[in-house]
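Student: Taken in order, these protein sequences are the chains called P and V. Read in order, the letters of the first sequence correspond to residues 1 to 282 in full-length UniProt numbering. Read in order, the letters of the second sequence correspond to residues 1 to 282 in full-length UniProt numbering. We put the beta carbon where it would ideally sit given N, CA and C, even for glycine. Computed from a prediction, not measured in an experiment: that's the story for all the values here.
Number of protein chains: 2
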Amino acid sequence: MKFRRSERLVDMTHYLLERPRVLVPLSFFAERYNSAKSSISEDLTIVKQTFENRGIGTLQTIPGAAGGVKFISMVNKNEAKSIIQNLCSLMENPERLLPGGYLYMTDFIGNPQIVNEVGRLLAAAFADREIDTIMTVATKGIPIALATATYLNVPVVIVRNDSKVTEGPTVSINYVSGSQKRIQTMVLSKKSLREGAKVLIVDDFMKAGGTINGMVNLLKEFNAIVAGIGVLVESEHSQERLVDDYVSLVKLIDVDVKEQQIKVIEGNYFSKVTQFLEEETV
Amino acid sequence: MKFRRSERLVDMTHYLLERPRVLVPLSFFAERYNSAKSSISEDLTIVKQTFENRGIGTLQTIPGAAGGVKFISMVNKNEAKSIIQNLCSLMENPERLLPGGYLYMTDFIGNPQIVNEVGRLLAAAFADREIDTIMTVATKGIPIALATATYLNVPVVIVRNDSKVTEGPTVSINYVSGSQKRIQTMVLSKKSLREGAKVLIVDDFMKAGGTINGMVNLLKEFNAIVAGIGVLVESEHSQERLVDDYVSLVKLIDVDVKEQQIKVIEGNYFSKVTQFLEEETV
Chain P
1 MKFRRSERLV
11 DMTHYLLERP
21 RVLVPLSFFA
31 ERYNSAKSSI
41 SEDLTIVKQT
51 FENRGIGTLQ
61 TIPGAAGGVK
71 FISMVNKNEA
81 KSIIQNLCSL
91 MENPERLLPG
101 GYLYMTDFIG
111 NPQIVNEVGR
121 LLAAAFADRE
131 IDTIMTVATK
141 GIPIALATAT
151 YLNVPVVIVR
161 NDSKVTEGPT
171 VSINYVSGSQ
181 KRIQTMVLSK
191 KSLREGAKVL
201 IVDDFMKAGG
211 TINGMVNLLK
221 EFNAIVAGIG
231 VLVESEHSQE
241 RLVDDYVSLV
251 KLIDVDVKEQ
261 QIKVIEGNYF
271 SKVTQFLEEE
281 TV
Chain V
1 MKFRRSERLV
11 DMTHYLLERP
21 RVLVPLSFFA
31 ERYNSAKSSI
41 SEDLTIVKQT
51 FENRGIGTLQ
61 TIPGAAGGVK
71 FISMVNKNEA
81 KSIIQNLCSL
91 MENPERLLPG
101 GYLYMTDFIG
111 NPQIVNEVGR
121 LLAAAFADRE
131 IDTIMTVATK
141 GIPIALATAT
151 YLNVPVVIVR
161 NDSKVTEGPT
171 VSINYVSGSQ
181 KRIQTMVLSK
191 KSLREGAKVL
201 IVDDFMKAGG
211 TINGMVNLLK
221 EFNAIVAGIG
231 VLVESEHSQE
241 RLVDDYVSLV
251 KLIDVDVKEQ
261 QIKVIEGNYF
271 SKVTQFLEEE
281 TV
């Protein structure tokens, strides 16, 4: 049975979107649709152009016998701007204020649309880096880490504050939580990370950077390499920051409990990230 | 600028896949592509047929002025079978054995491809139910809950064993962990769930069902309704099960530490789930 171009395009789009960064040989599609490679090639040109024009991503073509195409998730600058602006306004809602100036963010972290957008932006920020694994810390970093991992198609390892019987042998370190200067413990299953792995650290919130600095130190115990650091929110603070090379989507500038005001601005995303899809020229 | 059908199909496929269960009016697509509604209608027929033939899902058409299309993620039976078979063999790997007969599952829970497949199957199992929210318990339930939530397009609320300052006011209950008969505490942020919400409970592992039963009781405190229960793994056990109406993907039958053998079979998925996409008749 032959497949028409229209069906091929729909299925191919789904297939590639589900497998970011996976090399798919042209022959795979040719067999799947019982079609000539030349037709598949034309299909892929259409998919690539539409993905680029619509701010979805791009297709990388690897030539030769071992070649094929790879879907790389990317964003265009305007869309990234508008997603980040939206995150800022959602965060500035004074109903988030909790005693002590803490912010209620649980709804954020549990909303798959928001989490997937955050993951898409963080993945796009590190699209040109070689990344083997994403590391985060339980509990609130997990959704964002997993969403980022979906777009980069790499596994997530989860650092915990206590060791569980279901983790097997673990490596633990002590770290100083930056803002409270409290000594805490961080534990990671030994099996979960191989030596030399290139690791992207992802978390929901960074103040002085104590927790992230702890993860950096934990990686040293595994002889693993920090490939990048990405956070949803960085927070303004008076102490010296323990981490300096990171990408943040938004920045919490001020929490005024008395006036019930929260001030959130764009993070350093656009000064750190340089690769965006070109806007469509209509 | 007009868009050709081929571009429309690629973009429409992406747009719908990103927004499961969202009603998209035909007029939205007509404007987006500067095309006649009749052409959009034809496009959607192609997308629907390809989604159904390829085991991706279906498009529901809601007629009338307030109408449009909704993408519903579904699976066909053969694909579900093969995903579940694959989960069984991955779990039977004797390297997972830990002292005390526990199984190392951390790699599962951190692998986005596996987690998204599990989420897709669980979402498909409850595709015909009305669901407002997914509830899970930290830490290991989170990835699966979030993946399921992505396909059902509903938020996730995360129950914890301790209350955090960033959660605001909480409701807590005590529950008996089924297999160890230990009294534990379960805490949920008050803000995170509204009265009368229809809640799908999702977790990675269920033995006697103590934790899930705890979540059922916690929902009563919120006057919320259990819309369903879905787990990745159910485990054979000797005590009376505290939960009886649930969907499981796989069932852990036996862990033989001495012989280094783990036995895992299909869960009750195919006896509980009745709605599948028709196989393509080639």
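When you compare only the Cα positions, how much space is there between A224/V and V165/V?
Tutor: Mapped onto the second sequence, residue 224/V falls at position 224. Mapped onto the second sequence, residue 165/V falls at position 165. Using only the alpha carbons, I get a separation of about 24 Å.
Student: Let me know if I262/P comes out buried or exposed under the rule of 16 or more other beta-carbons within 10 Å of its beta-carbon.
Tutor: For the purposes of this step, residue 262/P is taken as the residue at position 262 of the first sequence. Buried, because 16 or more other Cβ atoms sit within 10 Å of the Cβ of I262/P.
Student: Roughly how many angstroms separate the alpha carbons of N111/V and A36/V, rounded to a whole number?
Tutor: Walking along the second sequence from the start, residue 111/V turns up at place 111. Walking along the second sequence from the start, residue 36/V turns up at place 36. Roughly 43 Å between the two C-alpha positions.
Student: Judging by CA-CA distance, which residue of E7/V, G100/V, I84/V and K2/V is the nearest neighbour of V255/V?
Tutor: As a working mapping, residue 255/V is identified with position 255 in the second sequence. Cα-wise, what sits closest to V255/V is G100/V.
Student: Drop a sphere of 10 angstroms on the beta-carbon of K190/V, count the other beta-carbons inside from all chains shown, and report buried for 16 or more, exposed for fewer.
Tutor: Along the second sequence, read from residue 1 onward, the residue named residue 190/V stands at position 190. With fewer than 16 other Cβ atoms within 10 Å, it is exposed.
Student: Taking the continuous alpha helix (DSSP H) assigned at Y269/P, which residues delimit it?
Tutor: On the first sequence, position 269 is the one that residue 269/P refers to. Unbroken alpha helix (DSSP H) run through Y269/P: Y269 to K272.
Student: Within 8 Å (strictly less), CB to CB, does G100/P reach chain V?
Tutor: On the first sequence, position 100 is the one that residue 100/P refers to. Taking Cβ atoms only, chain V reaches closer than 8 Å to G100/P, which makes this a yes.
Student: Can you tell me the Cβ-Cβ gap for N268/V and V247/V, rounded? I've got them flagged as a contact below 8 Å.
Tutor: Counting from one through the second sequence, the residue named residue 268/V turns up at place 268. Counting from one through the second sequence, the residue named residue 247/V turns up at place 247. That pair is a contact at about 7 Å.
Student: Go ahead and label G230/V buried or exposed: buried means 16 or more other beta carbons lie within 10 angstroms of its beta carbon, across all protein chains shown.
Tutor: Counting from 1 along the second sequence, the entry for residue 230/V is found at position 230. Counting Cβ neighbours within 10 Å, G230/V comes out buried, since at least 16 surround it.
Student: Throw me the rounded Cβ distance for the T58/P and M74/P pair, which I believe falls under 8 Å.
Tutor: Reading the first sequence from its first residue, position 58 is the one you call residue 58/P. Reading the first sequence from its first residue, position 74 is the one you call residue 74/P. With a Cβ gap of about 6 Å, T58/P and M74/P count as contacting.
Student: Is the segment 63-80 of chain P touching the segment 13-21 of chain P in the sense that three or more CB pairs, one from each, lie closer than 8 Å?
Tutor: Short answer: they touch.
Student: On the criterion of 16 or more Cβ atoms from any shown chain inside 10 Å, does P169/V qualify as buried, or is it exposed?
Tutor: Here residue 169/V is taken as the residue at index 169 of the second sequence, counted from 1. P169/V is exposed by the Cβ-count criterion.
Student: S225/V CB to nearest chain P CB: under 8 Å?
Tutor: As a working mapping, residue 225/V is identified with position 225 in the second sequence. The residue you asked about is not Ser; residue 225/V is Ile in the sequence shown. Not an interface residue.
Student: Mapping DSSP to helix, strand and coil, what is Q260/P?
Tutor: Residue 260/P sits at position 260 when you count from the first residue of the first sequence. Note: Q260/P maps to coil in three-state DSSP.
Student: Tell me the DSSP secondary structure of N76/P in three-state form.
Tutor: In the first sequence, counting from the first residue as 1, residue 76/P sits at position 76. Three-state DSSP puts N76/P in a strand.
Student: Given that a residue counts as buried once 16 or more other Cβ atoms are within 10 Å of its Cβ, and exposed if not, what is E279/V?
Tutor: Working through the second sequence from its first residue, we reach residue 279/V at position 279. With fewer than 16 Cβ atoms within 10 Å of its Cβ, E279/V is classed as exposed.
Student: When DSSP labels each residue in this structure, what does L9/P get in the three-state scheme?
Tutor: Here residue 9/P refers to the residue found at position 9 when the first sequence is read from its first residue. Helix at L9/P.
Student: Name the DSSP beta bridge partners of R19/P, please?
Tutor: Within the first sequence, the letter at position 19 stands for residue 19/P. In the DSSP output, where bridge partners are listed per residue, R19/P has none listed.
Student: Roughly how many whole angstroms lie between the Cα atoms of S41/P and E234/V?
Tutor: As a working note, residue 41/P is residue 41 in the first sequence. As a working note, residue 234/V is residue 234 in the second sequence. Those two C-alpha atoms are separated by around 45 Å.
Student: Between which two residues does the alpha helix (DSSP H) carrying A123/P extend?
Tutor: Looking up residue 123/P in the first sequence gives position 123. Counting along the chain, the alpha helix (DSSP H) containing A123/P begins and ends at P112 to A125.
Student: Helix, strand or coil: how does DSSP classify K2/V here?
Tutor: The residue given as residue 2/V occupies position 2 in the second sequence. Reduced to three states, the DSSP call for K2/V is coil.
Student: Quick one: does Y33/P have its CB under 8 Å from some CB of chain V?
Tutor: On the first sequence, residue 33/P is found 33 positions in, with the first residue counted as 1. Not closer than 8 Å to any Cβ of chain V, the Cβ of Y33/P fails to qualify, so no.
Student: At what residues does the alpha helix (DSSP H) containing I183/P begin and finish?
Tutor: Position 183 of the first sequence, counted from the first residue, corresponds to residue 183/P. That residue, I183/P, is in no alpha helix (DSSP H); its beta strand (DSSP E) goes R182 to S189.
Student: K191/V touches chain P at which residues, Cβ-Cβ below 9 Å?
Tutor: The sequence position of residue 191/V within the second sequence is 191, counting from 1. Correct list: E95, Y104, T106 and D107.
Student: Below 8 Å on the Cβ atoms is my contact criterion, and I expect residue 323/P with V159/P to pass it. Report the Cβ-Cβ distance as a whole number of Å.
Tutor: Outside the displayed range of chain P (1 to 282) lies residue 323/P, so it cannot be described from this structure.
Student: By the DSSP assignment, the alpha helix (DSSP H) with E221/P in it spans what residues?
Tutor: Taking the first sequence and counting its residues from 1, one reaches residue 221/P at position 221. Counting along the chain, the alpha helix (DSSP H) containing E221/P begins and ends at G210 to E221.
Student: My output table needs one value for R241/V: the three-state DSSP class, helix, strand or coil.
Tutor: Mapped onto the second sequence, residue 241/V falls at position 241. Coil at R241/V, not helix or strand.
Student: State yes or no: is the C-beta of L152/P within less than 8 Å of the C-beta of M186/P?
Tutor: Counting from 1 along the first sequence, the entry for residue 152/P is found at position 152. Counting from 1 along the first sequence, the entry for residue 186/P is found at position 186. Not closer than 8 Å, so no.
Student: For the UniProt domain "Bacterial purine repressor N-terminal" (4-72) of chain V, which residues have a CB atom closer than 9 Å to at least one CB atom of chain P, in sequence order?
Tutor: Cβ contacts with chain P: R4, R5, S6, E7, R8, L9, V10, D11, M12, T13, H14, Y15, L17, E18, R19, D43, I46, V47, Q49, T50, F51, N53, R54 and I56.
Student: Taking 7 Å as the limit between beta carbons, can you name the residues of its chain near L87/P, skipping five residues before and five after?
Tutor: If you number the first sequence from 1, residue 87/P lands on position 87. Closer than 7 Å at Cβ, skipping near neighbours: L249 and V250.
Student: Please identify, using Cβ separations under 8 Å, the residues of the segment 164-180 of chain P that lie next to chain V, in order along the chain.
Tutor: Here the close residues are V165, T166, E167 and G168.
Student: Indicate whether S177/P and G210/P have their beta-carbon atoms separated by less than 8 Å.
Tutor: Position 177 of the first sequence, counted from the first residue, corresponds to residue 177/P. Position 210 of the first sequence, counted from the first residue, corresponds to residue 210/P. Contact: yes.
Student: Relative to the alpha-carbon of L188/V, which residue among E7/V, S163/V, Q260/V and Y175/V has its alpha-carbon at the smallest distance?
Tutor: Along the second sequence, one-based indexing puts residue 188/V at 188. Ranking the options by Cα distance to L188/V, first place goes to S163/V.
Student: 8 Å is my cut-off, CB to CB: does G209/V come that close to chain P?
Tutor: In the second sequence, counting from the first residue as 1, residue 209/V sits at position 209. It does not; no Cβ of chain P falls within 8 Å.
Student: Rounding to the nearest angstrom, what Cα-Cα distance links A149/P and I212/V in this structure?
Tutor: As a first step, residue 149/P must be located in the first sequence, where it is residue number 149. As a first step, residue 212/V must be located in the second sequence, where it is residue number 212. Whole-angstrom Cα-Cα distance: 28 Å.
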